[in-house]
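Everything on this sheet refers to the single structure shown next.
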Amino acid sequence: MGVAGPPGPVMDRDEVDRALARLGAEHEAIETSLLALQDHAGRRLLEGAQLTGTTRERWSSAEQAITLLWTYFDAYAAALRTAREVRSRRRWPNRDDLVDLTDLLRGESVTVAPVTGTGGGSPSITGPAKLSERFTLAALVERMNELYASSLDMVVAADVVWSALPARIDLLAAELGRTRQLAHSVGVRPGEHPAGDDLEQITGALTRLREQVVSDPLAYWQRAHGSSAPGGGRPDTTAYDREARALEDVRREIEAVLTVRQDAEARLGRLRDVLSRADRTLAEARSARGEVLAKIAASEVPAVSGPPTALQEQLAAAADYRRHGQWHRLSPLLESLESKAEDELLRARESLTAVTAPLAVRAELRGRLDAYKAKVARLGFAEDPFLVERYDAARRMLWSAPCDLRVAEEAVLRYQRAAADVLAAPTEQRGES
1393 MGVAGPPGPV MDRDEVDRAL ARLGAEHEAI ETSLLALQDH AGRRLLEGAQ
1443 LTGTTRERWS SAEQAITLLW TYFDAYAAAL RTAREVRSRR RWPNRDDLVD
1493 LTDLLRGESV TVAPVTGTGG GSPSITGPAK LSERFTLAAL VERMNELYAS
1543 SLDMVVAADV VWSALPARID LLAAELGRTR QLAHSVGVRP GEHPAGDDLE
1593 QITGALTRLR EQVVSDPLAY WQRAHGSSAP GGGRPDTTAY DREARALEDV
1643 RREIEAVLTV RQDAEARLGR LRDVLSRADR TLAEARSARG EVLAKIAASE
1693 VPAVSGPPTA LQEQLAAAAD YRRHGQWHRL SPLLESLESK AEDELLRARE
1743 SLTAVTAPLA VRAELRGRLD AYKAKVARLG FAEDPFLVER YDAARRMLWS
1793 APCDLRVAEE AVLRYQRAAA DVLAAPTEQR GES
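Mapping of the sequence shown onto my numbering: residues 1393 to 1825, in sequence order.
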């Protein structure tokens, strides 16, 4: 929709003819735009929809604006017809004709009467009630442009939301239906599994979202910042995206349950193996504790607990869930058992290490004593009486039962110091000794 030329002095014949040609083209463009708005799919949907909220308020204003647009257009067309009639009186218009035409084409020659049914009888949907309004053709076109842009913006925005969101919601609802069927096949039902409750919540949320989008599409419209074009923006998919993510989370959880169904027996076998190794390690720790208590004196040896019966009971429950196909119960139990079984094996190994620590200390002392003896023999002092006496004392302590580790370590240290002293003595002194 264009804008008429500015007012000016009395027009000559050529100016009048050019203005009439321009206004005629403008009339056709305006009529085409109004007819396109009248036939717009979004407008027809708005007329037949049960609207609520923001959309109902804006459509009420837009309906008044569209009615007002046609009133303005009729007044514009009538003024143009009048101007054409004046111009057609004679081929060469006289001064009076040109004055009349200038007033028609550039003056406030268009009077618009009140429009009924548009709120208060006002021809303006924003201003106070008036008996009538007078416009120049240029001002009238400018007013029509404003009303047309705001009406088209509202219609296009609603149409875009309706064209995009309900279809996407329906596709998500179809995916939700397939996910519900899959959930039921593995025993995931509301009240029995959190994922089943989530599916119920998503179902309700999608139903409400679709109803809201259909009745109030403009509540789900984000206008583009800085855009003045009609329909400049995009649908607000925040609520839809939230439910889509929630459904994806549920779907992954159900797939995890399906995976449990496929490899449950293998996982149960691995669990039995881990718990069996933990039991054997604890048995070894108990046996080692008895050996330590018999062979090592004056040593704190930690007690060794028995295998936890709770894990065995949970393992039996997991096997029972598998036999009865209760995969939604088996899935979290297996994950918990796998973590606990690894912890139990680690605890058993730590217990064995703690129990056998005194034996490891004794073995280290024995190895150190023999290493120093070998070094002394290599340097030719294997028969040194003092070293032999110190070695025999340390050996008796380390190879006796029960062995006092503290005393044995002191004996080994005495042998080490004696050997170091002998090896550090000058050569002559070694010969004299």
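The C-beta atom is built at its ideal place from N, Cα and C for all residues, glycine as well.
Under the rule that a run must span 4 or more residues, the alpha helix (DSSP H) segments found entirely inside the segment 1682-1717 read 1701-1715. The segment 1671-1684 makes contact with the segment 1738-1758; the number of CB pairs closer than 8 angstroms reaches 3 or more.
A Cβ-Cβ contact shorter than 8 angstroms links arginine 1787 with leucine 1761. Just so you know, the alpha carbons of arginine 1602 and leucine 1529 end up roughly 45 angstroms apart. Out of Val1747, Thr1701, Glu1647, Leu1663, the CA that lies nearest to the CA of valine 1684 is found in Val1747. Annotation: the continuous alpha helix (DSSP H) that includes proline 1750 extends over 1719-1770. Inside the segment 1608-1671, DSSP marks whole beta strand (DSSP E) runs of 3 or more residues at positions 1613-1615, 1625-1627, from first to last along the chain. Residue environment analysis places valine 1402 among the exposed positions, since fewer than 16 neighbouring C-beta atoms fall within 10 angstroms of its C-beta. Secondary structure note for phenylalanine 1465: its alpha helix (DSSP H) is the uninterrupted segment 1445-1479. Separation of the CB atoms of alanine 1811 and leucine 1779 is rounded to 6 angstroms, and the pair is thereby assigned contact status at 8 angstroms. Counted as a single uninterrupted DSSP element, the alpha helix (DSSP H) harbouring threonine 1424 occupies residues 1405-1431. Measuring C-alpha to C-alpha distances from leucine 1490 to each of Glu1500, Arg1479, Gly1499 identifies Arg1479 as the nearest. If you check the CB distance, methionine 1536 and leucine 1461 come in under 8 angstroms.
Counting only residues of its own chain and dropping the five nearest sequence neighbours on each side, valine 1649 has a CB closer than 6 angstroms to the CB of Val1578, Trp1719, His1720, Ser1723.
Under the three-state reduction of DSSP, glutamate 1584 is assigned to coil, being neither helix nor strand. In this structure, DSSP gives glutamate 1525 an extended state, which the three-state scheme calls strand.
Judged by their CB atoms, glutamine 1704 and leucine 1729 are not nearer to each other than the 8 angstroms cut-off. Between the alpha carbons of leucine 1426 and glycine 1569 lies a gap of roughly 44 angstroms.
Contact annotation: isoleucine 1458 and threonine 1571 have beta-carbon atoms that are not nearer than 8 angstroms.
Around the CB of threonine 1447, 16 or more other CB atoms lie within 10 Å, so the residue is classed as buried. Between the C-alpha atoms of arginine 1806 and alanine 1785 there is a straight-line separation of about 10 angstroms. The count of Cβ pairs closer than 8 angstroms, one atom from the segment 1435-1453 and one from the segment 1608-1619, reaches three, so the stretches are in contact. In the three-state DSSP reduction, aspartate 1796 falls in the strand class (E or B). In the DSSP secondary-structure assignment, threonine 1503 is bridged to Arg1526.
Arginine 1482 carries a coil assignment under DSSP once its states are collapsed to helix, strand and coil.
Taking the Cβ atoms as the reference, alanine 1733 lies roughly 11 angstroms from leucine 1660, outside the contact range of under 8 angstroms. Between leucine 1544 and leucine 1437, the C-beta spacing is not below 8 angstroms. For the pair of segments examined, the segment 1468-1477 was found not to touch the segment 1555-1569: the number of CB pairs separated by less than 8 angstroms stays below three. Taking all protein chains in view, the Cβ of tryptophan 1451 is crowded by 16 or more other Cβ atoms within 10 Å, so the residue is classified as buried. Exposed is the label assigned to tryptophan 1484, since fewer than 16 other Cβ atoms lie within 10 Å of its Cβ.
Sixteen is the threshold: since fewer than 16 other Cβ atoms of the shown chains lie within 10 Å of the Cβ of histidine 1716, the residue is exposed.
Counting along the chain, alanine 1774 sits inside no alpha helix (DSSP H), nor does DSSP assign it H or E at all. Relative to the Cα of alanine 1556, the nearest Cα in the group Val1533, Ala1475, Trp1613 belongs to Trp1613. The beta carbon of arginine 1714 sits closer than 8 angstroms to the beta carbons of Ala1656, Glu1657, Leu1660, Leu1722 from its chain, once the five residues preceding and following it are set aside; these are given in chain order.
By the neighbour-count criterion, in which 16 or more other beta carbons inside 10 Å mark a residue as buried, glutamate 1455 falls on the buried side. Between histidine 1419 and leucine 1472, the gap from beta carbon to beta carbon is short of 8 angstroms.
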